[in-house]
Amino acid sequence: MSELFSIQLQNRKQQGRDGVWLDLPTTTEQVQAALRQIGISSDNPQGLFISGYFAEEEKRFAIPYNMVLASNVDELNFLASRLETLSTGERAELNAALQAPQSELFSIGRITDFPENVDYYVHLPDVHGPAQLGDYYLNRSGMVDMPEEWKGGIDTAQFGRYVAQQEQGVFTEYGYLVKSGDVWQKVHEGQPVPEEYRVLSFPASEILRDAANIPPPVQPETEPQKVIPIILNGKDSVERMKEITDRLETGIQELFDSDRYKAYLTTMAKFHNYSFNNTLLIAMQGGQLVAGFNKWKDTFHRTVKKGEKGIKILAPAPYKVKQKIEKLDEQGKLILGKDGKPLTEEKTVQIPAFKVVSVFDVSQTEGEPLPTIAVNELSGSVQGYQDFFKALEQASPVPIGFEDIEGEAHGYFHLLDNRIAIQEGMSQLQTIKTAIHEIAHAKLHAIDPDDPEQTNRPDSRTREVQAESVAYAVCQHYGLDTSEYSFGYVAGWSSGRELAELKASLEIIRSAAHELISALDEHLAELRQQREADLSAAQEAAFALDNGNILFIQTCDSGYDYTLHDADKKALDGGQLDAPGLTLPDAGQEALNLLGQTAAVSEVLLGDKLAAFQEATEKANELPEPAKIPDPAAEPTVTILWSESDKLQDGETMPLSVANRVFEELDTAQHTEREKDGYEGGWYDKTAFRIDFTLNGQPDSYEGRQDFGDGEGSLVQHIQNYHEYYAKDENWKNFVLHNKGPEAWEQDKAEREMVLTEFIPYLKQHCNLSVMEQTATTALREGQNILPEQTSYYTAVVAYVQDCRSMLNQGRYDLPEPPKLADFDQSLQDYEAQVQAEIAQEAAAAGMTVEEYAAAGFEAPQQDSFSIYQLRNEDSTRVYRFEPYDRLQAAGRTVDKANYMEVYAAPLAVGTTLEDIYRTFNVDHPADFKGHSLSVSDVVVLHLNGQYTAHYCDSVGFQQVPEFLRENPLRTAELSTEQNENMIDGVLNNAPSLGELEAKAKAGEQISLTDLAAAVKAEEKAPKTKKSRAAKPKKPSIRAQLDAAKKEQSKQTQPREKTKELEV
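For the sequence shown, the tail end lands on 1064 under UniProt numbering, and the numbers increase by one without skipping.
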């Protein structure tokens, strides 16, 4: 497999950081290694996207960049594998087809079918223009039959253009292309990617996200290595032996390429009891599991497929000869004859020799399934770790201990003390690998006390190659993860060394690996026998299965009781086995059969492990307290299921509004803390929660998890962000469609839409009501300084909140207007009537009706003017900045005035156009203009003839954006943040209301007449309504209230800031 092109993989959460490049075609292991580098697992598959595409110039395919980015890893891997089969000429033809102005290769699936359709086009790679095409047809194609002297008078360029027009051919950078007339063969397009090319498999997840119950992906099987037997041409056995020994020498020289060396060690791990020569021969020919023709037939009941060529290896072929040898006496001395010469005798002796024989790989045979090969495979946190490490200790020639090693070394072999030290605190897998590596050093490189000069000791590079090679082979044999092993350095190590030295070193590696594997197998078998004996004598045990389930079984009067638990130790099923005659292991297997559990037993738990398991099951299966049905008239509650924050307790329950504030404070604190220089603590404080509530009259709950420090803010904001992200994420959509199907995707969309359009507004309204309630109850609690009418008013607010909570929980979101202080004090109503009369007089003086005067902001008509608005300098507006209007619309975003601030306002001269304003504020802007030069994403608001219009500065010209001047549509669905500030008159507004002014007047304080006018003007804008609480009038515009008091506030106070109680 060779690199064809590369794609860059990236994590959406890590945008801004470099992704990782993945060469294609590739393997599942390489994909998983790449995904780990960018923090992608089955926990967050939706975060994966393709962000780049690259190929060396000589290998480049003209596939559209965006087409690659819109595809997926499996499709591109299949494509790369298919394109590998193309010749150089066919690749040029493909590039020409891709560059055609109206290319028919409009999708990855279509391009994948190109190798089956190379005859669909006629391609002339050296023709790039009409003159060359005309010359080709006239002089080289053999299709034009005319005298040579006539050809000289033909304009080849004009002739070429005519030909191209007639046959609808196209000129490209890669030559001329025209359809041949063949029918396009649709083979792979529209079909699923074949299983053997599916390499996208996400690494195992560590956590579960909110509502994301992602099943683990199916691991594709690795395509078996192709067997390529050595073909010998010798006429007799002598010539064939010479051929194969020559091939062996060549194979040794070629072996020290990183990938070939790794493949050889993998073969050696399987055939560790074979000789070095045969191990290398099997590796050279691609063998995985070999046996002779009759062995396959008689032992495994499989036959060699017809036409298969055998893998050539060497087999012993000793022969006997008669030789005259000198006679020796019992002391081993020569026996002399009478002539004084040594006596001789004729004896038959055996001469060692070898011959070439054929064996066959399992892939070359067919028949009955092979029995499971009994190799003690280890993985992950190593199953049977204690047994395996104990076997390593027994096989090691020196003691093994643990210590805290300075530096980055995982372990070392102490030459003088003859001991092995391993870094404490590592994972089980890393501990095993390190122990094997250091045992190899101890076996091969210990100092010989009888040879102080160490004349035969290999150099340091050779010692490291040998130890690492032995460790790789042993790990391969036992199924340990070897993906981190790399042998790129062996080419440099082997360079310049004699063949005999290389061969000797390889034999040392093979012999040491064979010796260590044999010793480990022996010790593991002994430990297994001992464990089986312990199990037979035990009265209870637990069997851990490969699928994560665990079977607990114990003896009872009639036989055995058994219970099946899941990975979380929760009981799934159980029963009683009336078979007292069975041994505990046999009873366990019978129980598994009855439960339908086909997964293999990975470990048997006895002793301390069994005790720990039983303790865990007791906790997991404790009967929880019955869930309390939420009060249908109460605020939702939040329960902390578990948290890494020391500010929260597991099981702690609090009202939604409190949790919303606390979550925001903890998130902000953690986010701020981790950004400090030198911070070494945890990056997040994960917190799982449950919200219990009543929605549409039915009790319900929502579970999720927020990571404090992620910068998401409050609890409600986290839930909103989470579902907005997945509702728009194409990778998540593709994942659900691919793994669960269209129905699951439709259900996913519906659930998220319900959360965003109903559940989130429901939660926000409850939080807003809590703000009102808290303000009113605080005022009542400090009641000695408030007037009787204020007491009545705050009491009515508390009752209003209680009524509204019940309405919300029953699904009524169009809540009635809240009480007003003016409703409880006649004097305030009198004030209001007085100011209303004044407003009527002002309107008449301006020649307007009261309604027109109110619509004009209670101001007389002014001269024409313009205002410039620019985006606020905040993180939330980054995605809007300098964006053309069509891209904003495509992304589903609107030009919202809430994201902008007014930076300039001035009278509008007669005849001034938008382009005049653009030119002025780019080339010669006024001295008092403090904003940046007028740019894309800025808004100009014109006030012409009493009408306001908003204009978005686009990449070309301006776009009218009436939405800029509209009220936020969310106001009709929920109580907004502005309503939080204005819900209780005289409590949350920074501008004084009628109630506050009346209270000050009654207390003898002076009040501002302008404040009074502004407050009454705001009241004037509210429609006349009945005072019944059940009425449902249109809510007063908060924007109008703010506009009414705008001038006076700008003179007397700083502009007020919105409350941060709730992020909208």
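Backbone N, C-alpha and C define an ideal beta-carbon position, used for all residues, glycine too.
State the Cα-Cα distance for the pair S460 and A100, rounded to the nearest angstrom.
59 Å
What did DSSP end up calling T365 once you bin it into helix, strand or coil?
strand
State buried or exposed for N117, treating a residue as buried only when at least 16 other CB atoms are found within 10 Å of its CB.
buried
Taking only the alpha-carbon atoms, compute the straight-line gap between E93 and Q132 and give it to the nearest angstrom.
So the alpha carbons of these two residues sit roughly 17 Å apart.
So H441 is in the alpha helix (DSSP H); what residue range does that whole segment cover?
Its alpha helix (DSSP H) spans residues 428-444.
Less than 6 Å between C-beta atoms, sequence neighbours within five positions excluded: which residues of the same chain meet that for L780?
Y794
Considering I111, what are the terminal residues of the alpha helix (DSSP H) in which it resides?
108-112
Can I63 and I111 be called in contact, C-beta distance under 8 Å?
Cβ atoms of I63 and I111: closer than 8 Å.
Please name the residue, chosen from L124, E90, A950, V357, that lies closest to A164 on a Cα-to-Cα basis.
L124
For Y900, I'd like the list of residues in its chain whose CB is within less than 7 Å of its CB, leaving aside the five on either flank, ordered along the chain.
Y869, Q870, L871, R872, V939
Have a look at L48 and D748 and give me their C-alpha separation to the nearest angstrom.
19 Å
Taking its Cβ as the centre, do 16 or more other Cβ atoms sit within 10 Å of F106, making it buried, or is it exposed?
It counts as exposed.
Could you tell me which whole alpha helix (DSSP H) segments of length 4 or greater appear in the UniProt domain "YodL-like" (866-964)?
885-890, 914-923
Determine, using beta carbons only, whether F759 and P45 come nearer to each other than 8 Å.
no
Considering just the uninterrupted stretch of the beta strand (DSSP E) at H414, what are its terminal residues?
Start and end: 411-414.
Considering only residues of the same chain and omitting the five flanking positions on each side of A620, which have a CB-CB separation below 7 Å?
D568, K569, K570
Taking the alpha-carbon of S935 as reference, which of G607, D573, I917 has the nearest alpha-carbon?
I917
Please decide whether T949 counts as near chain D, where near means a Cβ-Cβ distance under 8 Å.
Of the protein chains in the structure, only one exists, and it is not chain D.
Considering only C-alpha positions, which residue in the set Y174, Y197, V356 is nearest to E243?
V356
Quick one: using the 10 Å Cβ neighbour count with 16 as the cut-off for buried, is E346 buried or exposed?
With a threshold of 16 other beta carbon atoms within 10 Å, E346 falls short and is exposed.
How about L177 and G190: are their beta carbons less than 8 Å apart?
No, they are not a contact pair.
Short check: CB of E84 to CB of P25, under 8 Å?
yes
Count Cβ pairs between the region 583-600 and the region 548-563 that sit closer than 8 Å; are there 3 or more?
yes
Pull up the distance between the alpha-carbon of L9 and that of V31, whole angstroms please.
10 Å
Do K305 and Q364 count as a contact pair if the criterion is CB distance below 8 Å?
Their beta carbons are under 8 Å apart, which means Q364 touches K305 by this criterion.
Quick one: any contact between the region 69-81 and the region 143-158, if contact means 3 or more CB pairs under 8 Å?
no
Where does W184 sit, in a helix, a strand or coil, going by DSSP?
coil
Helix, strand or coil: which one does DSSP assign to K347?
The answer is strand: DSSP assigns K347 an E or B state.
Would A541 and L610 qualify as a contact pair, given that the criterion is a beta-carbon distance under 8 Å?
yes
What residue does the alpha helix (DSSP H) around E403 start on, and which one ends it?
Taken as a continuous stretch (DSSP letters only), E403 belongs to no alpha helix (DSSP H), being part of the beta strand (DSSP E) at 400-403.
Is DSSP giving P632 helix, strand or coil here?
Here P632 sits in coil by DSSP.
Thinking A421 and V470 are a contact (beta carbons under 8 Å), I'd like their distance in whole angstroms, please.
Between the beta-carbon of A421 and that of V470 there is about 19 Å, and that puts the pair past the 8 Å contact cut.
Once DSSP output is grouped into helix, strand and coil, what is the label at Y136?
helix
Which of the three DSSP states, helix, strand or coil, is assigned to T617?
Looking at T617 - three-state DSSP - the assignment turns out to be helix.
Quick check on H523: does DSSP put it in helix, strand or coil?
helix
Is DSSP giving F759 helix, strand or coil here?
helix
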